[in-house]
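Residue numbers (the numbering used here), protein chains in the order written: chain G, 1416 to 1961; chain C, 1416 to 1961. For glycine and all other residues, C-beta sits at the position ideal for the given N, C-alpha and C. Keep in mind it's a predicted model, so treat the numbers as computed, not measured. First comes the structure, then the notes that go with it.
Encoded structure:
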C-alpha cells in the first residue's frame, strides 16, 4: 500500500486543518496567549506532556493550547502520518525519487518478523551482518585478529564523512564511559590534512585498525583519506590488508577480493547515511569500541522507540507530537531556527548529529513528486550542552531574537562516585537546578522598568527527560530524532531520504580538481578556462602566499 | 571624547543612509540582481575584496553592488564607527551600562604607549601580568614548579565556563600542532558531573595543574567544579595549594592569601569574558600548553588586526566591512542566521567561540542608553568545518532556506609531510577544490527541469583566506571577529559588553538550588512553594526515576 503519492500531492495550504491552524496561530500574538499565562493553568503539565517507559516529553512550555494541538492532530490525520510511517517500516519505497525503501528501522528489528522489499525478506542479511560484527569484534577483543606484526588493536580510526561519521561520533561520545575494551576511537572525516596529521600523531600504527565507511566506496574525501592511510601503513612497514576493514555495499570497490582486507561488512541501499548508525556503519566501530553487547543494547533502545512511533496513536506519540510542534513553530509561528541543549556532557555531539539528520533530510523545496512547496520546509538546527550554552548564546535566547529550544535532561548520571556538595547541592543537582530554571525563565520573562533588564518571555521550549545514559537510552533518543525528522517530512510532503542539493558543489569541485591535477602534472598549466574568481583562488593556492 | 551617547541616541531608521539602504535592498529581489549576474563582471573580485598583510577578505559573492557598499559606508560614517572604535581602544567607558572601559585590545598592546582609564595607565599592570605568566610557565616547563609530590606537570585542567573557556579552547585546538611542552590540556567547563568524571578518568592527579578562571570567583559552575577538584586532590593525598592556580580579579576570594595557591594572575574589569583570551584568561593555560613565546606571537597577530581596524579607512577596513555586510544581510535582506565554515580542521572551535562572542554581545533589544531598538539586532551563529559541513547541513544551504556563510581557507597547512596524491591532487588541494567550489555553487545555482535537481543560487557568502595556521594568523582571526562584533554593535547602537540577559535564569536557579539543598538536609522537605511544573521536575530528580 503506497500512501506517499496520494497523500502529498495535496499542498499544505489546501488542507482545511492547515487553514484553521494559520488562523489560530494569529491568536498567539495576543497578550493573553503569553506563555506566562498558559503555564499557570493547573493541569498544564498533565495535558501537555507524555511519558513512554523511560522517556518523558514535556511540551507544556511550547506556545500551544488545546485547540492548536487538536488542529495539529487533524493535520496529522489528513497527512496520514501514522500510515506513512508504518508503510516506511514495512519496506514500501518511501524514497520515491530514488525508488528505494527506507528501512533503517529494520537494522534494529529484533521481533523475529520478516520485512519485505519487492517480496524479498531483508532480515536474513541484516541478522547475518550483525552476527559477523559480533564475531569480528570478539576476535579483535580476544586477540585472535591482530595487525600485521601480531600486535593487538588499541586504536580504531573510522574513515568516513557525513552520515558515515556523525552518528557514530555521537554515540561513541555518549557512551564513552562504557568503553572498557582498551580501544581508543578516532574519526578521520575531513579531507583536510590537519585531520589526518592530528590522528597519526596520536596513534601507534602497528596497533591501529582503520575502518573505511562508504556506501559507494567512491566518496572523494573518504577515498583520499583511505589512500593516505594505506600509504602511511606501507611507509611504516605494515601490511594494509591486515589493518583495514570496510563497511560498504556488496560488490563495491571496497568489497572486491582483488583488494583484500581484514573484513568487509555490508551496507544496504535501503538505509541512507544519516539514518545508518544502527547498521554496520555504527555497528562495526561501536562494537569494537564498546563491545557488541552494548551495541545491541543500543539497538534495542532504538527499536523500542520505533515501536512506540509506529503503534502509538497520534495523541500519545512522542516523535509525532514533536514533529507537529516543530512545524507549528516553524511555519505557523515563524521560528526558522531551533536549538538542542542537552544538560548532559556526553550528549555534546547530539546537536551536530541531528543538524545533519534534520537539515539534510528536510532542507528541501519540492514535494516528493517534485512540485514546488507552497510552505517552506527545513529548520536550522544548532546546539551545545547546558549549562555551557547558558554562558554562551543564551543572552540572545533571553533578550534577542527568540528561537525554540529542546532541553534534554538525564535522571541518573553515568558517574555517581563524586557526590561532594557545593552550596548544599551536588554537581548533578546544580545541573538540574539550571535545567529546571531555563525553560521557566524563557517562558515567564520578567518586567523591569530598566529596559536593559527586561525579559520579554514567551519563548518556547520542550524538555525531554531520559532515565539515564545507558546504551538503551541513547538508542531511544537516536530513534526519537529519526522519527521526528521523518514525521516532519511527511507533514511538509517532502522526501527525507534523498539529497540532490549536495551534487552541484561536488560537480564543480570535480572540475576544479581536474584543473589542479593538470597543474600538478604540468607546471606551466594555467587556469585560463576558469572564471576570474576561481582563477584567483587557484593561483593563490599554487603560489602559497597572499 | 565620548561618542557613544551622542551617536546612538538616533534610531537607525531615522538615519538617511539607512532609509536609502532599505529602498535599495528592495532592488535585490529583481532577477538582474541575482548573484550569477553580479559575479560575472570582470572587476567584481577587485572591487569587492580586500587584502591586509596576511589576510584576504572576499565579499564578491555577497549580494551587494557598488551602490549598496557606498550607502553602507555612509551609514558607517553616520554612526561614527571608526571614532567609536578608537574611543574604545583609547580607554573611554564604552560599556556605558556598567560604566566601564572595554580594553581587550590593551591586553595585546606592544606599542609601548600608555592607555589611560580615568587618568590611570593600565599598561604597567598588563605588562606585569604578562611577565608573571612568562615566568610561571617557564618554571613549570623546566620543572622548578612541580606538584606536591615533586612530579612535574603533564596535565592542565582549565576550570572555567563561557568566556573563561571558549576562547582558550578555540586557540588551543587551532594551535595543537604547536604544543611541544609535553602537556595535555583539558577543559572542565560544565557543572555536569560527566565532564568532571570524564576528565579525572584521563589524568594523573599527581602531575595535574588546575587553573581556575573566574573574574568574580563566584560563578556557580566554576566554584562547584573547583570544590570538587579540591576534594578529589585531597582524596588522592595531594596538597591542593600546590596544584591550583587562579586567574581572577585582584582581591577576589580566589586571590586571598588565606586560600594559598601556586600562583594567582589578575583579570581586569575592563576586559569582558568573551573578549578575554588575550588576557591572563588565555595567557596562563596557553603559555603552559604552547610556551609563552607562542602565546605572545598570538597576541601580536591580534594586535596587528587591532591596528588595522583602528587605522584603516572604512573602505579598506576588513572587520568594519564584514560588520556592514552582516547588518546588510541581517536587517536589509532578512537573513537572521549565519554560518562560519572554516576549511581547516584546527579551526573547528572557531564557530562555538564566535557563537558566544557574537550572540552574547549582540543578542540585545535595547540601545546603549536603554531605549528599545527600532531594528532588531543579533545574528544566530553556527558552523562546522568544511568539507564536513558539506556532508551535513549543506543540503539545506543549497536547496532549503538560505543563510549567509563565511568560508575560511588556509593557504599553508600545519602539516606538509603527507603529500600523497589521490586523483592527482593532495588532500590539501582536494580541500581547496571544495573551498573554491562551494561559494560558486551557492552563488550561481543551476537550472534543471527536474525541480528536485534545481538549484536557485543567489546565496551569499564571503571567503576569508589566511596565510597559515601560525599563532599570528590565529591571533589575527580572533581579533577580526572581535572587531567585527563590536562594529556590528556600534551600527545597531547596542552595548556589546554587557549581558543582563543571563541574570534571570541564574536567579531562578539560585532559588531552586536552595530548595534542593533544603531537601538534601531534611528528607521530608517538600516543594510545596514551587509551581506545579517545577515541583514535578524536583520530585522526579529526587525519586531517580520516571
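Which residue marks the beginning of the beta strand (DSSP E) containing residue 1682(G), and which one marks its end?
1678 to 1682
Alpha carbon to alpha carbon, how far is residue 1495(C) from residue 1431(C)? Give it in angstroms, no decimals.
14 angstroms
Taking only runs that begin and end inside the segment 1561 to 1642 of chain C, name each unbroken beta strand (DSSP E) of 3 or more residues, in chain order.
1570 to 1574, 1599 to 1603 and 1623 to 1628
Using a Cβ-Cβ cut-off of 6 angstroms (strictly less than) and excluding sequence neighbours within five positions of residue 1907(G), which residues of its own chain qualify?
1792
CB contact check: residue 1733(C) to chain G, cutoff 9 angstroms
no
Straight-line Cα distance separating residue 1651(G) from residue 1642(C):
47 angstroms
Residue(s) in a DSSP beta bridge with residue 1467(C):
1470(C)
Short-range partners of chain C found in the segment 1758 to 1771 of chain G, where Cβ spacing is below 8 angstroms
1758, 1759, 1760, 1761, 1767, 1770 and 1771
Tell me whether residue 1636(G) is buried or exposed, calling it buried when 16 or more other Cβ atoms sit within 10 Å of its Cβ.
buried
Do residue 1816(C) and residue 1778(G) have their C-beta atoms closer together than 9 angstroms?
yes
If you reduce the DSSP assignment to three classes, tell me which class residue 1498(G) lands in.
helix
For residue 1488(C), which of 1910(C), 1930(C) and 1902(C) has the nearest alpha-carbon?
1902(C)
On a CA-only basis, which of 1826(C), 1644(C) and 1883(C) is nearest residue 1836(G)? Give me that one, please.
1644(C)
Measure the CB-CB distance between residue 1695(C) and residue 1544(C) and report whether it falls below 9 angstroms.
yes
Should the segment 1779 to 1786 of chain C be regarded as contacting the segment 1507 to 1518 of chain C, the criterion being three or more beta carbon pairs within less than 8 angstroms?
yes
Quick one: list the residues of chain G neighbouring residue 1713(C), beta-carbon separation under 7 angstroms, in chain order.
Under the 7 angstroms cutoff, chain G gives no residues; its nearest Cβ is about 18 angstroms from residue 1713(C).
Residue 1797(G) by DSSP, collapsed to three states: which one?
strand
Can you tell me where the beta strand (DSSP E) with residue 1753(G) in it begins and where it stops?
1752 to 1757
Select from the segment 1867 to 1892 of chain C all residues with a C-beta closer than 7 angstroms to any C-beta belonging to chain G, and list them in chain order.
1867, 1868, 1870, 1880 and 1882
With residue 1880(G) as the anchor, note down where its beta strand (DSSP E) starts and where it stops.
1876 to 1883
Using Cβ-Cβ distances below 9 angstroms, what residues of the segment 1563 to 1596 of chain G are close to chain C?
1576, 1577, 1578, 1579, 1580, 1581, 1591 and 1592
Please report the residue range of the beta strand (DSSP E) in which residue 1822(G) lies.
1820 to 1827
Around the C-beta of residue 1899(G), are 16 or more other C-beta atoms found within 10 angstroms, so that it is buried, or is it exposed?
buried
Taking the beta carbon of residue 1758(G) as the centre, do at least 16 other beta carbons fall within 10 Å, making it buried, or is it exposed?
buried
What does DSSP give as the partner residue(s) for residue 1510(C) in the beta ladder?
1515(C)
Throw me the rounded Cβ distance for the residue 1451(G) and residue 1872(G) pair, which I believe falls under 8 angstroms.
6 angstroms
Take residue 1888(C) and list the residues in its own chain whose beta-carbon comes closer than 7 angstroms to its own, dropping the five residues that flank it on each side.
1469, 1716, 1881 and 1882
Is residue 1690(G) near residue 1667(G), with beta carbons less than 9 angstroms apart?
no
Distance, Cα to Cα, residue 1809(C) vs residue 1850(C)?
13 angstroms
Counting only Cβ pairs nearer than 9 angstroms, list the residues of chain G close to residue 1638(C).
1837 and 1838
What are the uninterrupted segments assigned as alpha helix (DSSP H) that are 4 or more residues long and contained completely in the segment 1831 to 1890 of chain G, given in chain order?
1842 to 1859
Please compile the residues from chain C whose C-beta is within a distance smaller than 7 angstroms of the C-beta of residue 1905(G).
What residue 1905(G) touches in chain C: nothing, since even the nearest Cβ is about 17 angstroms away.
Does residue 1827(C) have its Cβ less than 9 angstroms from a Cβ in chain G?
yes
Starting from the Cα of residue 1960(G), find the closest Cα among 1466(C), 1503(C), 1756(C) and 1439(C) and give me that residue.
1466(C)
Is it right to say residue 1525(G) is buried, meaning 16 or more other beta carbons lie within 10 angstroms of its own, or is it exposed?
exposed
Tell me which residues of the segment 1596 to 1616 of chain C have at least one Cβ-Cβ distance to chain G shorter than 7 angstroms, keeping chain order.
1604, 1605, 1606, 1607, 1608, 1609, 1610, 1611, 1612 and 1613
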